[in-house]
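Trainee:
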Amino acid sequence: MPHWLILDAGNSRLKFGLWDGHRVHATGAVSWSGDWPGELDMALAAMARPERVVVGSVHQTATVEALEAISRRRWGCPLTRITTTAAACGVQNGYRDYRQLGVDRWAAVVAAHLRAPEAWHLVIDVGTAATVDVVGPRGDYRGGAIFPGLRLLADALGSGTAGLPSLAGEAVPLPARSTPDAIRGGVVHGLAGALRHLASEMLPAEAVRPRRWLTGGDAGRLQPLLPQGAVWAPDLVLEGLAQLARESG
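Under this note's numbering, the first residue of the sequence shown is numbered 1020, with each subsequent residue one higher.
See below:
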């Protein structure tokens, strides 16, 4: 049974988990702000030496080199970097230039497809950015859409608005009866509405009984506002990175 450490170096956080050949477990995350190498070292302190360390990164080479240095120092283990390709794991990349597709989105659609290869899939990932991607039966990746996430929407509003409230907590009902609640509710419900619209626009008429997947750091907050049937899959990107690494040998 494999014992792989999978790393997802996203825009705001570094997510990690162990892959045993079937599922991801022992997951965690550290923020890029502050002493992230020290925090990662502490988080991995009790972990047995992995057989393989796999990373998918939206960052430039310096971040990947820093992660490899940690892996080599702690375990003497080199890093396997996953990148987006024209095809993998039975999925055909529908982008005109496949290299433009972020590896996190690629990993998520690969994981969704492998869970049910004959189904249509809609993958919603809500993090720093919110993305919606569609993959058809037999691995026909159709493309997707990118939209600002909760924090980016709030920051855009805050650049011209004084006293921006925290977005923490549950989504407030609308119409709101205070300015902080109106901002919080507008951002959260507005993003949920945008995602519902994108999903309806992107699924073709022949997509009967599509599987809907919800992942990303802020996805849990939006789940009650999205169509019923969306399955919360917090480790979908890590799972896809592991599957891509397995195919790469």
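Note that CB positions come from ideal geometry on N, CA and C, so glycine has one too.
Is it buried or exposed for Gln1079, if we count other Cβ within 10 angstroms and need 16 for buried?
Mentor: Taking the sequence shown and counting its residues from 1, the one referred to as residue 1079 is at position 60. Result: exposed.
Trainee: From the DSSP output, in three-state form, read off Ala1085 for me.
Mentor: Against the sequence shown, residue 1085 aligns to sequence position 66. In this structure, Ala1085 counts as helix in the three-state DSSP scheme.
Trainee: Quick test of your reading: Gly1158 and Gly1109, contact by CB under 8 Å. State the CB separation rounded to the nearest angstrom.
Mentor: What you label residue 1158 is simply residue 139 of the sequence shown in a count that begins at 1. What you label residue 1109 is simply residue 90 of the sequence shown in a count that begins at 1. The Cβ separation is near 4 Å, so the contact holds.
Trainee: Using the Cβ count rule (16 or more neighbours within 10 Å means buried), how would you classify His1041?
Mentor: Numbered from its first residue, the sequence shown carries residue 1041 at position 22. Classification for His1041: exposed.
Trainee: How long is the line joining the alpha carbons of Gln1274 and Tyr1117, rounded to whole angstroms?
Mentor: Residue 1274 falls outside the range modelled here, since the chain spans only 1020 to 1268, and no answer is possible.
Trainee: Can you tell me where the beta strand (DSSP E) holding Pro980 begins and where it ends?
Mentor: Any answer about residue 980 is impossible in this case: the structure gives the chain only from 1020 up to 1268.
Trainee: So Gly1047 is in the beta strand (DSSP E); what residue range does that whole segment cover?
Mentor: Residue 1047 sits at position 28 when you count from the first residue of the sequence shown. Here the beta strand (DSSP E) through Gly1047 covers 1043 to 1050.
Trainee: Taking Arg1161 and Val1154 to be in contact with their CB atoms under 8 Å, please state how far apart those CB atoms are, rounded to whole angstroms.
Mentor: Counted from its first residue, the sequence shown places residue 1161 at position 142. Counted from its first residue, the sequence shown places residue 1154 at position 135. 7 Å between Cβ atoms; contact.
Trainee: Output the boundary residues of the alpha helix (DSSP H) element that contains Trp1125.
Mentor: For this step, residue 1125 is matched to residue 106 along the sequence shown. Unbroken alpha helix (DSSP H) run through Trp1125: 1122 to 1134.
Trainee: Quick test of your reading: Thr1103 and Trp1125, contact by CB under 8 Å. State the CB separation rounded to the nearest angstrom.
Mentor: For the purposes of this step, residue 1103 is identified with residue 84 of the sequence shown, where counting begins at 1. For the purposes of this step, residue 1125 is identified with residue 106 of the sequence shown, where counting begins at 1. About 4 Å separates the two Cβ atoms, so the contact holds.
Trainee: Please report how far the alpha carbon of Gly1053 lies from the alpha carbon of Leu1059, in whole angstroms.
Mentor: As a first step, residue 1053 is located in the sequence shown; it is residue number 34 there, counting from the start. As a first step, residue 1059 is located in the sequence shown; it is residue number 40 there, counting from the start. Answer to the nearest angstrom: the Cα atoms are 11 Å apart.
Trainee: Using alpha carbons as the reference points, say which of Ser1031, Ala1064, Glu1087 lies closest to Val1145.
Mentor: Here the question's residue 1145 lines up with position 126 in the sequence shown. Looking at the Cα atoms, Ser1031 is the closest of the given residues.
Trainee: Mark Trp1139 as exposed unless 16 or more other C-beta atoms lie within 10 angstroms of its C-beta, in which case mark it buried.
Mentor: Walking along the sequence shown from the start, residue 1139 turns up at place 120. Looking at its Cβ environment, which holds 16 or more other Cβ atoms inside 10 Å, Trp1139 is buried.
Trainee: Is there contact between the stretch 1020 to 1038 and the stretch 1243 to 1257, where contact requires at least three CB pairs shorter than 8 Å?
Mentor: yes
Trainee: What three-state label does DSSP hand Gly1205 in the structure shown?
Mentor: Here residue 1205 corresponds to residue number 186 of the sequence shown, with the count starting at 1. Of the three classes helix, strand and coil, the one that applies to Gly1205 here is helix, per DSSP.
Trainee: When we look at the beta-carbon of Pro1069 and count the other beta-carbons within 10 Å, is it buried (16 or more) or exposed?
Mentor: What you label residue 1069 is simply residue 50 of the sequence shown in a count that begins at 1. Here Pro1069 is buried: its Cβ has 16 or more other Cβ atoms, across all protein chains shown, within 10 Å.
Trainee: From what residue to what residue does the alpha helix (DSSP H) around Asp1152 run?
Mentor: Stepping through the sequence shown from its first residue, residue 1152 is reached at position 133. Run containing Asp1152: none in the alpha helix (DSSP H); it sits in the beta strand (DSSP E), 1148 to 1155.
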